[in-house]
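As C-alpha coordinates, the structure follows; a few thoughts come after it.
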Amino acid sequence: MLISGICGSLRNQSWNKLLLKIFLDKISQNSDFKTDIIDVSKFPLYNADIEAKGLPQSVLSAKEQMANSNLIIFASPSYNSSISGVMKNIVDWISRPPKVIEDKNTLVIGATPGMSGTLLGYTHLNHILLSLGMNVLNQPRLLVAKIDKQMEPNGKIISEELNKLFDNSVNQLIKKLNN
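Mapping of the sequence shown onto the numbering used here: position 46 corresponds to residue 51, and the numbering continues sequentially without gaps.
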(Lines of atoms letter the chains of each structure in order from A; the text may use other names.)
(Lines give C-alpha, C1' and ligand atoms only; values in the text may rest on other atoms or scores of the structure.)
Protein backbone atom coordinates (compact mmCIF):
# COMPACT_ATOMS: atom_id res chain seq x y z
CA MET A 6 0.00 0.00 0.00
CA LEU A 7 1.25 3.48 -0.91
CA ILE A 8 0.34 6.58 1.09
CA SER A 9 1.21 9.90 -0.53
CA GLY A 10 1.28 13.31 1.10
CA ILE A 11 0.68 16.78 -0.30
CA CYS A 12 1.43 19.97 1.59
CA GLY A 13 -0.57 23.15 0.97
CA SER A 14 2.31 25.40 1.99
CA LEU A 15 5.39 26.26 -0.05
CA ARG A 16 7.29 27.77 2.89
CA ASN A 17 10.55 25.94 3.61
CA GLN A 18 9.99 25.93 7.38
CA SER A 19 6.27 25.15 7.12
CA TRP A 20 4.72 23.58 10.20
CA ASN A 21 2.46 21.58 7.88
CA LYS A 22 5.43 20.17 5.95
CA LEU A 23 6.91 19.05 9.27
CA LEU A 24 3.60 17.61 10.43
CA LEU A 25 3.21 15.69 7.15
CA LYS A 26 6.79 14.40 7.14
CA ILE A 27 6.64 13.21 10.75
CA PHE A 28 3.22 11.59 10.23
CA LEU A 29 4.37 9.75 7.08
CA ASP A 30 7.63 8.68 8.77
CA LYS A 31 5.72 7.29 11.76
CA ILE A 32 3.30 5.45 9.45
CA SER A 33 6.13 3.77 7.54
CA GLN A 34 7.99 2.94 10.80
CA ASN A 35 4.91 1.25 12.26
CA SER A 36 3.58 -0.58 9.21
CA ASP A 37 4.50 -2.14 5.89
CA PHE A 38 3.05 0.87 4.05
CA LYS A 39 5.24 2.84 1.71
CA THR A 40 5.03 6.63 1.85
CA ASP A 41 6.07 9.54 -0.33
CA ILE A 42 5.51 13.26 -0.66
CA ILE A 43 4.17 14.66 -3.92
CA ASP A 44 6.02 17.78 -5.06
CA VAL A 45 3.58 20.54 -5.97
CA SER A 46 6.06 23.42 -5.71
CA LYS A 47 6.29 23.82 -9.49
CA PHE A 48 2.54 24.00 -10.15
CA PRO A 49 1.74 27.21 -12.03
CA LEU A 50 -1.34 29.16 -11.03
CA TYR A 51 -4.31 27.42 -12.58
CA ASN A 52 -5.14 28.95 -15.95
CA ALA A 53 -7.39 27.37 -18.58
CA ASP A 54 -5.13 28.80 -21.30
CA ILE A 55 -2.21 26.79 -19.90
CA GLU A 56 -4.41 23.71 -19.58
CA ALA A 57 -5.56 24.06 -23.22
CA LYS A 58 -1.92 23.58 -24.29
CA GLY A 59 -1.64 20.44 -22.15
CA LEU A 60 -1.17 19.86 -18.46
CA PRO A 61 2.20 21.05 -17.16
CA GLN A 62 4.73 18.30 -16.46
CA SER A 63 4.65 19.08 -12.72
CA VAL A 64 0.89 18.45 -12.67
CA LEU A 65 1.17 15.29 -14.79
CA SER A 66 3.84 13.89 -12.47
CA ALA A 67 1.74 14.64 -9.39
CA LYS A 68 -1.37 13.09 -10.94
CA GLU A 69 0.61 9.94 -11.83
CA GLN A 70 1.78 9.64 -8.22
CA MET A 71 -1.79 10.15 -7.03
CA ALA A 72 -3.09 7.48 -9.39
CA ASN A 73 -0.63 5.01 -7.83
CA SER A 74 -1.51 5.96 -4.24
CA ASN A 75 -3.98 4.11 -2.06
CA LEU A 76 -4.38 7.11 0.24
CA ILE A 77 -3.55 10.79 -0.20
CA ILE A 78 -2.92 12.88 2.90
CA PHE A 79 -3.38 16.63 2.48
CA ALA A 80 -1.54 18.74 5.07
CA SER A 81 -3.26 22.08 4.91
CA PRO A 82 -2.57 25.30 6.72
CA SER A 83 -5.46 27.59 7.49
CA TYR A 84 -5.24 31.08 5.99
CA ASN A 85 -7.90 33.63 6.87
CA SER A 86 -10.24 30.91 8.17
CA SER A 87 -10.01 28.81 5.00
CA ILE A 88 -7.50 26.86 2.92
CA SER A 89 -4.34 28.44 1.54
CA GLY A 90 -4.16 29.74 -2.02
CA VAL A 91 -1.53 27.08 -2.66
CA MET A 92 -3.93 24.33 -1.58
CA LYS A 93 -6.75 25.75 -3.70
CA ASN A 94 -4.40 25.84 -6.70
CA ILE A 95 -3.38 22.21 -6.08
CA VAL A 96 -7.01 21.13 -5.94
CA ASP A 97 -7.86 23.11 -9.08
CA TRP A 98 -5.11 21.36 -11.07
CA ILE A 99 -5.66 17.83 -9.77
CA SER A 100 -9.39 18.03 -10.43
CA ARG A 101 -8.80 18.42 -14.17
CA PRO A 102 -8.94 15.46 -16.57
CA PRO A 103 -7.66 12.83 -16.56
CA LYS A 104 -9.63 12.06 -13.40
CA VAL A 105 -7.33 10.24 -11.00
CA ILE A 106 -8.80 11.38 -7.69
CA GLU A 107 -12.39 10.13 -7.95
CA ASP A 108 -13.03 7.42 -5.34
CA LYS A 109 -9.51 7.95 -3.99
CA ASN A 110 -9.17 7.70 -0.21
CA THR A 111 -7.94 10.87 1.41
CA LEU A 112 -7.26 12.36 4.81
CA VAL A 113 -6.82 16.02 5.77
CA ILE A 114 -4.43 17.04 8.55
CA GLY A 115 -3.16 20.44 9.60
CA ALA A 116 -1.21 22.53 12.07
CA THR A 117 -1.20 26.18 13.05
CA PRO A 118 0.43 28.39 15.67
CA GLY A 119 -3.08 29.73 16.29
CA MET A 120 -5.76 28.26 18.52
CA SER A 121 -8.09 26.88 15.83
CA GLY A 122 -6.04 23.82 14.90
CA THR A 123 -6.90 24.65 11.25
CA LEU A 124 -10.49 23.54 11.89
CA LEU A 125 -12.14 25.95 9.43
CA GLY A 126 -9.64 25.21 6.66
CA TYR A 127 -10.00 21.49 7.40
CA THR A 128 -13.78 21.76 7.04
CA HIS A 129 -13.52 23.71 3.77
CA LEU A 130 -10.99 21.32 2.24
CA ASN A 131 -13.02 18.25 3.25
CA HIS A 132 -16.06 19.78 1.55
CA ILE A 133 -14.09 20.49 -1.64
CA LEU A 134 -12.56 17.00 -1.77
CA LEU A 135 -15.94 15.36 -1.17
CA SER A 136 -17.45 17.40 -4.01
CA LEU A 137 -14.68 16.08 -6.28
CA GLY A 138 -15.68 12.49 -5.49
CA MET A 139 -12.88 11.64 -3.07
CA ASN A 140 -13.51 9.36 -0.10
CA VAL A 141 -12.57 11.61 2.82
CA LEU A 142 -11.72 9.79 6.03
CA ASN A 143 -13.05 11.65 9.04
CA GLN A 144 -10.68 9.86 11.43
CA PRO A 145 -7.98 10.13 12.57
CA ARG A 146 -8.22 13.86 13.13
CA LEU A 147 -4.67 15.23 13.28
CA LEU A 148 -5.37 18.94 13.70
CA VAL A 149 -2.77 20.68 15.84
CA ALA A 150 -3.26 24.07 17.49
CA LYS A 151 -0.34 26.05 18.95
CA ILE A 152 2.12 23.91 17.00
CA ASP A 153 4.96 26.33 17.76
CA LYS A 154 4.56 25.50 21.48
CA GLN A 155 4.51 21.73 20.85
CA MET A 156 7.24 21.23 18.27
CA GLU A 157 10.56 22.87 17.53
CA PRO A 158 11.22 24.16 13.98
CA ASN A 159 13.63 21.23 13.45
CA GLY A 160 10.77 18.76 14.02
CA LYS A 161 11.60 17.77 17.59
CA ILE A 162 8.34 17.16 19.42
CA ILE A 163 8.42 18.85 22.83
CA SER A 164 4.87 18.12 23.94
CA GLU A 165 3.80 14.78 25.36
CA GLU A 166 0.27 15.61 24.22
CA LEU A 167 1.43 15.94 20.60
CA ASN A 168 3.42 12.70 20.86
CA LYS A 169 0.27 10.92 22.02
CA LEU A 170 -1.78 12.53 19.24
CA PHE A 171 0.72 11.32 16.62
CA ASP A 172 0.82 7.80 18.08
CA ASN A 173 -2.97 7.55 18.35
CA SER A 174 -3.45 8.95 14.84
CA VAL A 175 -0.89 6.58 13.30
CA ASN A 176 -2.36 3.55 15.08
CA GLN A 177 -5.92 4.51 14.18
CA LEU A 178 -5.04 5.06 10.50
CA ILE A 179 -3.08 1.81 10.19
CA LYS A 180 -5.93 -0.12 11.81
CA LYS A 181 -8.48 1.52 9.50
CA LEU A 182 -6.42 0.79 6.37
CA ASN A 183 -5.81 -2.83 7.37
CA ASN A 184 -9.55 -3.54 7.71
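Backbone N, C-alpha and C fix where the C-beta goes; we use that ideal spot for every residue, glycine too. What you are looking at is a predicted structure, and each value in this text was computed from that prediction instead of being measured.
- Query: Whole alpha helix (DSSP H) runs in the segment 24–90 with 4 or more residues, listed along the chain?
  - Reply: Complete alpha helix (DSSP H) runs here, min 4: 53–57, 62–73.
- Message: Distance check for Leu170 and Asn94, CA to CA, integer angstroms please.
- Response: Computed Cα separation, rounded: 29 Å.
- Can you list, in chain order, the residues of its chain whose CB lies under 6 Å from that of Ser33, leaving out five sequence neighbours each side? Closer than 6 Å at the Cβ level, and outside the excluded window around Ser33, lie Thr40.
- Task: Put Asn17 into one of helix, strand or coil per three-state DSSP.
- Result: Annotated three-state conformation of Asn17 is coil, per DSSP.
- Message: DSSP three-state label for Leu125, please.
- Response: It is helical.
- Message: Using a Cβ-Cβ cutoff of less than 6 Å, which residues in the same chain neighbour Gln70 once the five nearest sequence positions on both sides are dropped?
- Response: Around Gln70: Ser9, Ile43.
- Message: Along the chain, where does the beta strand (DSSP E) containing Asn110 start, and where does it finish?
- Response: In the DSSP assignment, Asn110 falls within the beta strand (DSSP E) that extends over 110–116.
- Roughly how many angstroms lie between the CA atoms of Leu25 and Ala116, to the nearest whole one? Straight through space, the alpha carbons of Ala116 and Leu25 are spaced by roughly 10 Å.
- Message: Going by C-alpha to C-alpha distance, which of Ile88, Asn73, Ser74 sits closest to Ala80?
- Response: Ranking Ile88, Asn73, Ser74 by Cα distance to Ala80 puts Ile88 first.
- Message: Measuring only the C-alpha atoms, how far is Thr111 from Pro103?
- Response: Roughly 18 Å separates the two Cα atoms.
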